[in-house]
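Presented below is the structure to which this report refers.
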Amino acid sequence: MRRNLAEPPDVPPERLWRSLLPRRPERRLRFRFDVAPSLPLFVRPVPSAAEAAARDELASVPDVLRDELEVRSLVALVLHTPAGLAFADAEALGALEAHELAELDAEVATALADIAPTLARSNMDAWGRALREGAEHLSNASAAAALASCVDVTAYASGREWHVQTRPRLDRYWGLPTAEILDGHWMAFQAARQAMKDRK
Amino acid sequence: MKPTTQPTIPPDQKRLLDDGYHLAAALAARGRTTHVFDVADFFGIAGRPIHQLAMQILRIGEETEATDAALKTRAEQAKRAGAGEEQARADAEALEKERTLEAIFRACRRVDEKGQATAWAAFPGVAWLRDNLTTDQTVTLLNLYDELKRRRGPVKMEIDDEHVEAIAGHLADHAGDDIPEAYLAPYPRWFLTHLIVLVAIKLAAARRSVEVLLQEREAWAVERTALETSLAAARGERVPESDQDEEP
């Protein structure tokens, strides 16, 4: 389902930048199922490639069904209980009533927009400005320096000139394979690099 | 002390429990939101009158099944349309009608002698509904379904600008046929009130815009004439009679 590009949430930039630092950012939902009113539900984002792959599986589904199945598929991917994933797959969400899915989708979408910016659903310019400001904040100085230092630097000569090439190594900061790195991690990293460059 | 009963979990849902998906299992095993309505003018198989009808709120999976079945039926019907197959396949209204029948078939349950809802479908099948249900009866059933959802609790229904534009455009496209009546039938009264108010606001805004545009056009025309007059005077040309201001 096509949504408007999400603006960064209305929180101070330094907090916004820090909110992207956990290995898997998490947002607790207010939504509760009537069968388990005390069971907390969380949204934990997945890499955007995983979201895209889930959408790809629905490519051959007729248009009238695709939007709803995409919603179910995304909710199944990111919705967790304290025990782990809440639903095995999109099909398991078929037991919900329409109003439940609508409420759940609205909360999940808001949570993802806030804690998991992606190129596909976020206003990158606005996020970029806010994150850069956040990375420059003194309270984030050491974290930003640590993150910005996660690069491999290679120096090489070409003719009579020396060149320096840097290669991002976000896996060092988050201890994750590069394929598991979230778009939000990349954005926090770029903001940190920019902040360090400006500080020099 | 009130006796407690252990909920029985069907075998297919037991699998979910074994997999650790307790929440999904509990959702699959929970009861349905059902209500028995008194109805008139409904007839079942062999013309037997139906006085009471149970309705249950469909689950997402059932709604998907209904849409899927409607798509299959439409594909079959389109094949029979011969040269008009593509057109028939793309007919959104026909698909919506078919989907409505599929949903009604899944939502309506038979009521037993004690006035309790049963698990049995109230009508023999979708094909039977297609052949026997009038448009008025379909609308009545949709309204009952809407009533059931209201009884269940408040349903958040958003109506935004994009939605209003889409509905208004659709109604305008079908102003000369019966589709608007069937299209608006499932919406509750408060939704229709908001819709009309929002359309009225849009109409008033459009009228104001047209008025402003007309006034601007008039002002521009006057300004243009004045400019042409002064330009002609600067060039020493004779201003055409029609463009000259009348002397008092």
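Chains A and B supply the protein sequences, listed in that same order. For the record, in the first sequence the residue sitting at position 33 is 33 according to our numbering, with numbers rising by one throughout. In our numbering, each residue's number is its place in the second sequence (first place is 1) plus 200. Every residue, glycine too, gets a C-beta built ideally from N, C-alpha and C.
Buried or exposed by the 16-neighbour rule on C-beta atoms within 10 Å, applied to A:H185 = Within the first sequence, the letter at position 185 stands for residue 185 of chain A. A:H185 is buried by the Cβ-count criterion.
Length of the line joining the Cα atoms of B:A266 and A:S142 = Indexing the second sequence from 1 puts residue 266 of chain B at position 66. Indexing the first sequence from 1 puts residue 142 of chain A at position 142. Rounded to the nearest angstrom, the two C-alpha atoms are 56 Å apart.
Excluding the five sequence neighbours on either side, which residues of its own chain have a C-beta within less than 7 Å of the C-beta of A:L58, listed in chain order?
-> As a working note, residue 58 of chain A is residue 58 in the first sequence. Here A:L58 has R66, L69, E70, S73 as same chain residues with Cβ atoms under 7 Å from its own Cβ, once five neighbours each way along the sequence are excluded.
Classify B:L392 as helix, strand or coil using the three-state DSSP reduction.
-> Position 192 of the second sequence, counted from the start, is the residue given in the question as residue 392 of chain B. For B:L392, the secondary structure class from DSSP, reduced to helix, strand or coil, is helix.
Can you list, in chain order, the residues of the segment 245-275 of chain B whose Cβ is nearer than 8 Å to any Cβ on chain A?
-> Per Cβ criterion, the list reads I257, L258, R259, I260, G261, E262, E263, T264, T267, D268, L271.
Identify every run of the alpha helix (DSSP H) within the segment 312-372 of chain B, keeping only runs that are complete inside it and at least 4 residues long; order them along the chain.
-> Complete alpha helix (DSSP H) runs here, min 4: 326-332, 335-352.
Partner residues on chain E for A:F87, Cβ-Cβ distance less than 7 Å | Here the protein chains are A and B, and chain E is not one of them.
What do you reckon, are the CB atoms on B:V311 and B:A254 nearer than 8 Å?
-> Position 111 of the second sequence, counting from 1, holds the residue named residue 311 of chain B. Position 54 of the second sequence, counting from 1, holds the residue named residue 254 of chain B. Yes. Within cutoff.
List the DSSP bridge partners of A:L85.
-> As a first step, residue 85 of chain A is located in the first sequence; it is residue number 85 there, counting from the start. Note: A:L85 sits in a beta bridge opposite A:H80.
So what does DSSP say about B:D445, is it helix, strand or coil?
-> Within the second sequence, numbered from 1, the residue matching residue 445 of chain B stands at position 245. Legend: pLDDT at B:D445 = 49, less than 50; position of this residue unreliable, no value from coordinates given.
Quick one: which chain B residues come within Cβ less than 9 Å of A:V75?
-> By 1-based counting over the first sequence, the position of residue 75 of chain A is 75. Within 9 Å Cβ-Cβ: nothing; A:V75 doesn't reach chain B, min ~11 Å.
C-beta contact flag for B:L271 and B:L295 at 8 Å | As a working mapping, residue 271 of chain B is identified with position 71 in the second sequence. As a working mapping, residue 295 of chain B is identified with position 95 in the second sequence. Remark: C-beta atoms of B:L271 and B:L295 approach each other more closely than 8 Å.
Please report how far the alpha carbon of B:V339 lies from the alpha carbon of B:E298, in whole angstroms.
-> Translated into positions along the second sequence, residue 339 of chain B becomes position 139. Translated into positions along the second sequence, residue 298 of chain B becomes position 98. Taking C-alpha positions only, B:V339 is separated from B:E298 by approximately 13 Å.
A:S19 (DSSP reduced to helix, strand or coil) = Start at 1 with the first residue of the first sequence, and residue 19 of chain A comes out as number 19. In the displayed model, A:S19 falls within a helix according to three-state DSSP.
Separation of A:D114 from B:D373, as counted between CA atoms | Taking the first residue of the second sequence as 1, we reach residue 373 of chain B at position 173. Taking the first residue of the first sequence as 1, we reach residue 114 of chain A at position 114. Each residue's alpha carbon lies about 39 Å from the other.
Can the beta-carbon of A:A102 be found closer than 8 Å to that of A:L77?
-> Residue numbering aside, residue 102 of chain A sits at position 102 when the first sequence is read from its first letter. Residue numbering aside, residue 77 of chain A sits at position 77 when the first sequence is read from its first letter. Not in contact: A:A102 and A:L77 (Cβ atoms no closer than 8 Å).
Show which residues of chain A have a CB atom less than 7 Å away from the CB atom of B:K228.
-> Within the second sequence, numbered from 1, the residue matching residue 228 of chain B stands at position 28. In the sequence on display, residue 228 of chain B carries Ala and not Lys. Correct list: A95.
Would the segment 385-404 of chain B and the segment 418-437 of chain B be scored as touching if the rule is three or more Cβ pairs under 8 Å?
-> The segment 385-404 of chain B vs the segment 418-437 of chain B: no contact.
Around the Cβ of B:I245, are there at least 16 other Cβ atoms within 10 angstroms (buried) or fewer (exposed)?
-> The sequence position of residue 245 of chain B within the second sequence is 45, counting from 1. Around the Cβ of B:I245, a 10 Å sphere holds fewer than 16 other Cβ atoms; the residue is exposed.
Report back the beta-carbon spacing between B:Q252 and B:F237 to the nearest angstrom; my notes put them in contact at under 8 Å.
-> To locate residue 252 of chain B, count along the second sequence from 1; it is residue 52. To locate residue 237 of chain B, count along the second sequence from 1; it is residue 37. Confirmed, Cβ separation roughly 7 Å.
When the Cα atoms are used, what is the spatial distance from B:R408 to B:R417?
-> Counting from 1 along the second sequence, the entry for residue 408 of chain B is found at position 208. Counting from 1 along the second sequence, the entry for residue 417 of chain B is found at position 217. The alpha-carbon atoms of B:R408 and B:R417 are separated by roughly 14 Å.
Between B:P380 and B:T233, what straight-line distance do the alpha-carbon atoms span, to the nearest angstrom?
-> The sequence position of residue 380 of chain B within the second sequence is 180, counting from 1. The sequence position of residue 233 of chain B within the second sequence is 33, counting from 1. Going from the Cα of B:P380 to the Cα of B:T233 covers about 29 Å.
Which term fits B:K349, buried or exposed, when burial requires 16 or more other beta carbons within 10 angstroms of its beta carbon?
-> As a working mapping, residue 349 of chain B is identified with position 149 in the second sequence. By the C-beta density criterion, B:K349 is buried, having at least 16 other C-beta atoms within 10 angstroms.
Residues in its own chain within less than 8 Å of B:A382 by CB, not counting five upstream and five downstream?
-> Residue numbering aside, residue 382 of chain B sits at position 182 when the second sequence is read from its first letter. Result list for B:A382: K297, T335, T338, V339, in chain order.
Would you say A:P62 reaches chain B, if we count a Cβ-Cβ gap shorter than 8 Å as a contact?
-> Counting from 1 along the first sequence, the entry for residue 62 of chain A is found at position 62. Interface flag for A:P62 against chain B is set, since a Cβ pair is found closer than 8 Å.
How is B:Y221 classed by DSSP in three states: helix, strand or coil?
-> In the second sequence, counting from the first residue as 1, residue 221 of chain B sits at position 21. Per DSSP, reduced to three states, the secondary structure at B:Y221 is coil, with no helix or strand assignment.
Taking only beta-carbon positions, decide if A:A113 is within less than 8 Å of chain B.
-> Taking the first residue of the first sequence as 1, we reach residue 113 of chain A at position 113. Cβ-Cβ to chain B under 8 Å: no for A:A113.
Identify each residue in the segment 281-295 of chain B for which the Cβ-Cβ distance to at least one residue of chain A is less than 9 Å, and report them in chain order.
-> Here the close residues are A292, L295.
In the DSSP assignment, find the beta strand (DSSP E) that holds A:H163 and state where it starts and stops.
-> Locating residue 163 of chain A in the first sequence gives position 163, counting from the first residue. In the DSSP assignment, A:H163 falls within the beta strand (DSSP E) that extends over 161-168.
Could you spell out where the beta strand (DSSP E) holding B:M251 opens and where it closes?
-> Within the second sequence, residue 251 of chain B is the residue found at index 51, counting from 1. Before going on, a small fix: residue 251 of chain B reads as His here, not Met. 249-256 is the extent of the beta strand (DSSP E) around B:H251.
What's the C-alpha gap between A:L41 and A:A155?
-> Along the first sequence, one-based indexing puts residue 41 of chain A at 41. Along the first sequence, one-based indexing puts residue 155 of chain A at 155. Taking the straight line joining both Cα atoms gives about 48 Å.
With DSSP collapsed to three states, give me the class of B:T425.
-> Counting from 1 along the second sequence, the entry for residue 425 of chain B is found at position 225. Reduced to three states, the DSSP call for B:T425 is helix.
Beta carbon of B:A385 nearer than 8 Å to that of B:L342 | Here residue 385 of chain B refers to the residue found at position 185 of the second sequence. Here residue 342 of chain B refers to the residue found at position 142 of the second sequence. Closer than 8 Å, so yes.
For A:S60 and B:E286, the rounded distance between their alpha carbons | Counted from its first residue, the second sequence places residue 286 of chain B at position 86. Counted from its first residue, the first sequence places residue 60 of chain A at position 60. Rounded to whole angstroms, B:E286 to A:S60 spans 18 Å at the Cα level.
Going along the chain, which residues of its own chain have a beta-carbon closer than 6 Å to the beta-carbon of B:A288, five neighbours each way excluded?
-> To locate residue 288 of chain B, count along the second sequence from 1; it is residue 88. Cβ neighbours of B:A288 beyond the five flanking positions: A278, A281.
Please confirm whether A:A179 and A:P45 have their CB atoms less than 8 Å apart.
-> Stepping through the first sequence from its first residue, residue 179 of chain A is reached at position 179. Stepping through the first sequence from its first residue, residue 45 of chain A is reached at position 45. Cβ distance not < 8 Å, so A:A179 and A:P45 don't count as in contact.
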